[in-house]
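Counting from -13, one number per residue, gives the positions in the sequence shown under the numbering used here.
Down below is the structure, laid out as structure tokens.
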Amino acid sequence: MTHLVELSSAPARFGANMATSAFKKLPGFRDFPPEDLALRSHIVETWRRVSRRYGLLEYDGPPLESLDLYVEKSGDEIVGQLYSFTDKGDREVALRPEMTPSLARILGDRSRGMSKPIRWFATPQLFRYERQQRGRLREHFQWNVDIVGEEHVAADAEILAVAIDGLRELGLTADHFRARVSDRRLLSAVLTAFGVQDDSLDVAFGVIDKLERVPREASLEALVKDVDLEMSRADALLGIFDGGGLEDLPQDVMKSSEVSTALDRFQVYLEALEAMGLREYVEIDLCIVRGLAYYTGIVFELFDTGRDLRAICGGGRYDRLLEFVGGEPLPAVGFGMGDVVLGELLADRGLVPEYARSLDYFIVTVSSKERTEALRIAHMLRENGRSVAYALKDQTLGKQLKAAAREGASQVLIVGPDELARGCITARDMESGSEREIPLSELK
Ligand code: HAM
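Given below as structure tokens:
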């Protein structure tokens, strides 16, 4: 009886308390009605096509992971932005904010039996509780490309080439974007030469990573207070990053063996990109550090040339992460490219394809008597792979033709009693308006 009362009262309660305005979209999340989904699909399909050209295999993982996977491995910035909670089994869990820790975990379980290098890609939806600003939302789709098991710098060049080609395939050129490249090993050597102690390197990286977003005075203060540099050293160090290029490195720093190894590595890297015809997209810029904790070598970010937008893409080498996550110690390099900034850039540059509905056939019936035959024809055409629609209730010819135009039909098939008596239908080409009769047996 209680059951019945609950059931019968439910609709009234629902109607009374839940006005439609109560169901607002959460800030930082997007709806994708078809016209908006079209752009996302265009981007993701382009990423897939380019991935396949590079022989990459697609993978995925769960959207929810153990919280532990991110703590320490991703770095404070991302950990502070986690959507995390305790599940009903008392597990501390988090919605994935990035894919790289999942990739490391997945490979940790199975890489030993796999031939190397492993070249994988994914296009997951990710979640970060970020402060909302242009180009940063609380969910986004991110193209991840990673090569695991190869330490040669050729893998670094290959990874950057995939990212650049992903953007070129969307119609962007060297007029629209650049890859800014640095090397954490080179940066460590420079910082050490300036007197930064090993245990302060991460803090110093954090200061450099934010140089472009905070006033110079605040960076100086952080270098003095948190990194323990003298003011004059801190000032000289910042001078290097004002230009960002290698030419600003002091002579004594250039002589260190770590720096010269890093410079030789850069040369091989740039020569590979030159051979691929992509050199014009690449700039060396020591200001690039990357906010994530696990990077160990060459790091890069892609930006629009006008520098109006946040980074379109970021990545680099992370040779220790798989081991940290408990797997085989394997070198790795990869990137993540988000759909949000990219969508903005494509819109700014007029590169969003026009949204258009399309349909092979719209079937029009002259009266309700032809409906059964129309359904048979529609189903036969769909089985042949054609896209077909029709009015779901009886309508005037005029209304049906309007619907056909609205849905972008290439042809309208008119099913009428006279034509059916002759075993035919009339096909109207929607672009030219021309009509011809087609025997039912020839329809495909
Ligand atoms: P990330 O720099 O944190 O790297 O993100 C890569 C890209 O994802 C950014 O450049 C941006 O386009 C996009 N993105 C990140 N956060 C947001 C957001 N809140 N809203 C919109 N777009 C966003 C990583 O995630 C690394 N795991 C990439 C990687 C893969 N490194 C090696 N393999």
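Note that the Cβ used here is the ideal one computed from N, Cα and C, for glycine as well.
Predicted, not measured: the structure shown is a model, and the values here were computed from it.
Check: Measuring alpha carbon to alpha carbon, tell me which residue in Glu51, Ile92, Gln119 is nearest Leu112.; Outcome: Glu51
Check: Can you give the Cα-Cα distance for Arg98 and Arg91, rounded to whole angstroms?; Outcome: 13 Å
Check: Taking 7 Å as the cut-off, is the CB of Asp132 close to at least one heavy atom of the ligand HAM?; Outcome: yes
Check: Taking its Cβ as the centre, do 16 or more other Cβ atoms sit within 10 Å of Leu68, making it buried, or is it exposed?; Outcome: buried
Check: Per DSSP, what kind of secondary structure is Thr215 in: helix, strand or coil?; Outcome: For the sequence presented, residue 215 should be read as Leu rather than Thr. Coil.
Check: Quick check: does the Cβ of Val326 come within less than 7 Å of any heavy atom belonging to the ligand HAM?; Outcome: yes
Check: Applying the 10 Å Cβ sphere with the 16-neighbour rule, what's the burial state of Gly347?; Outcome: What sits at residue 347 in the sequence shown is Tyr, not Gly. So Tyr347 counts as buried.
Check: Of all the alpha helix (DSSP H) runs that stay within the bounds of the region 63 to 102, which reach a length of 4 or more residues?; Outcome: 86 to 96
Check: Taking the straight line between their C-alpha atoms, what separation do you get for Lys196 and Asp22?; Outcome: 33 Å
Check: In angstroms, rounded to a whole number, what distance separates the CA positions of Ser37 and Arg414?; Outcome: 41 Å
Check: Write down the C-beta distance between Ala143 and Ala248 rounded to the nearest angstrom, noting that I regard them as a contact closer than 8 Å.; Outcome: Rounded, the Cβ-Cβ distance is 15 Å, inconsistent with contact.
Check: So, is Cys410 buried or exposed, given that buried needs 16 or more other C-beta atoms within 10 angstroms?; Outcome: buried
Check: Please list the segments of the alpha helix (DSSP H) lying wholly inside the region 232 to 268, counting only runs of 4 or more residues, in order along the chain.; Outcome: 237 to 240, 243 to 261
Check: For the candidate residues Trp106, Thr72, Gly231, whose alpha-carbon lies nearest to that of Ser88?; Outcome: Trp106
Check: Checking 8 Å against the spacing of the C-beta atoms, do Val167 and Val268 come in under that value?; Outcome: yes
Check: Would a C-beta distance cut-off of 8 Å place Val131 and Leu256 closer than the cut-off?; Outcome: no
Check: Answer yes or no: the CB of Ala297 versus the heavy atoms of the ligand HAM, is any distance below 7 Å?; Outcome: yes
Check: Taking only three categories from DSSP, how would you classify Leu429?; Outcome: coil
Check: Met100: beta carbon under 7 Å from a heavy atom of the ligand HAM?; Outcome: no
Check: If you draw a straight line from the alpha carbon of Glu125 to that of Arg114, how long is it in whole angstroms?; Outcome: 6 Å
Check: Does the distance between the C-beta of Arg122 and the nearest non-hydrogen atom of the ligand HAM fall short of 7 Å?; Outcome: yes
Check: Go to Ile274, then tell me how far its alpha helix (DSSP H) extends in each direction, as first and last residue.; Outcome: No alpha helix (DSSP H) contains Ile274, which DSSP labels as neither H nor E.
Check: Gly329 lies in the alpha helix (DSSP H); which residues open and close that run?; Outcome: 325 to 334
Check: Nearest CA to the CA of Val327: which residue from Lys385, Lys102, Arg122?; Outcome: Arg122
Check: For the ligand HAM, is there any heavy atom lying closer than 7 Å to the beta carbon of Tyr255?; Outcome: no
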